[in-house]
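For reference, the structure is listed below as structure tokens.
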Amino acid sequence: MADCGENKRDGEEKREPEGAAGGEDVVDDPIVDQAAVVLRGYVIERLSTEDPNQQVSTEHLGGMPNELQDPKVKKVVEQLITIADELNRNAELQRLINEVQNDCAHEAFMYVARRIFAEGITWGRVVALFHLAYKLIHKALTTNHLENIRTVMSWFLEVIRERLRSWIIQQGGWAGIAHSFSRWRTVAIVASVVLVASFVYYRKMR
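Residue numbering for the sequence shown follows UniProt numbering, starting at 1 and increasing by one per position.
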């Protein structure tokens, strides 16, 4: 597999992700702020089930101690978890994510994120983005690249801010995912297919 740098044009500098450095919420934007809180809740809940030996708090992810006590946040996180359980059953997806090198994580994340939404935005595709961010955070934990955790948070928020914010507002905010929950299995299958296809395309382009 080619090194990340081989795809950069000569003289092209690596662009730092815009927005909150280290994942901290420093912008007054409810949609982006709530996205960060929900992702932290998603990461913590998934870890408690998949890898309980990994102890991560909201503070480690740039958040506040009691932010996950909000019932609305809990509901959104629970729905995301239920939908994403289907993604975890996709062995091909897990293999593709596990092959991402730590020094290629930014390239992989941003490329796959763009591919996820290349043909439009749906809640299934949004769930795919959450799952992608979680898997890279989990990989950073298990490979002892802790400096990557908040960096992935920043990449995630960049995509939310630049690509998804307006659409999420049109859906009534993050609570809008509840309208898709009745067909969560279909949403999960869509998310799984999109993620696998995006990773396969990423590898071909490298």
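By construction, the Cβ of each residue, glycine as well, lies at the ideal position given by its N, Cα and C atoms.
Rounded C-alpha distance that separates residue 165 from residue 144 | Straight-line spacing of the CA atoms in residue 165 and residue 144 works out to 32 Å.
inquiry  = If distances are taken between C-alpha atoms only, which option among 124, 88, 106 and 37 comes closest to residue 61?
reply    = Taking each of 124, 88, 106 and 37 in turn and checking the Cα distance to residue 61, the smallest one comes out for 37.
Using CA coordinates, which residue listed in 110, 41 and 59 is at the minimum distance from residue 69?
Answer by Cα proximity: 41.
- Taking C-beta to C-beta, are residue 194 and residue 116 nearer than 8 Å? Remark: C-beta atoms of residue 194 and residue 116 approach each other more closely than 8 Å.
Going by C-alpha distance, which of 80, 56, 29 and 147 is nearest residue 125?
Of the candidates 80, 56, 29 and 147, the one whose C-alpha sits nearest the C-alpha of residue 125 is 80.
Report the three-state DSSP secondary structure of residue 173 (helix, strand or coil).
In this structure, residue 173 counts as coil in the three-state DSSP scheme.
Pull up the CB-CB distance for residue 56 and residue 44, whole angstroms please, since I reckon it's below 8 Å.
With a beta-carbon spacing of about 6 Å, residue 56 and residue 44 fall inside the 8 Å limit used to define contacts.
| query | Tell me which same chain residues have a C-beta within less than 7 Å of the C-beta of residue 65, skipping the five on either side of it? | reply | The residues are 58 and 59.
Q) First and last residue of the alpha helix (DSSP H) that includes residue 124? A) Bounds of the alpha helix (DSSP H) holding residue 124 are 123-142.
Point to revise | alpha helix (DSSP H) segment containing residue 88, residue limits | key: 71-88 is the extent of the alpha helix (DSSP H) around residue 88.
Check whether residue 110 and residue 39 have beta carbons under 8 Å apart: No, the pair does not count as a contact, with Cβ atoms beyond the cut-off.
- Leaving out five residues on either side along the sequence, give the residues of the same chain with a beta carbon under 6 Å from the beta carbon of residue 140. Cβ within range, chain order: 148 and 149.
Check your understanding: Beta carbon of residue 198, beta carbon of residue 127: below 8 Å?
Key -> It is not a contact, given that the beta carbons lie outside the stated cut-off.
Does the distance from the C-beta atom of residue 210 to that of residue 87 stay below 8 Å? This structure does not reach residue 210, given that the chain is present from 1 up to 206, and the question cannot be answered.
Count the other C-beta atoms from every protein chain shown that fall within 10 angstroms of the C-beta of residue 158, then say buried if there are 16 or more, exposed otherwise. Burial call: buried.
Which of the three DSSP states, helix, strand or coil, is assigned to residue 52? When DSSP states are grouped into helix, strand and coil, residue 52 belongs to the coil group.
message: Among 167, 77, 146 and 118, whose alpha-carbon lies nearest the alpha-carbon of residue 131?
response: That would be 77, whose Cα lies nearest to the Cα of residue 131.
Exercise for the section: Classify residue 142 as buried or exposed, calling it buried when 16 or more other Cβ atoms lie within 10 Å of its own Cβ. Expected result: So residue 142 ends up on the exposed side.
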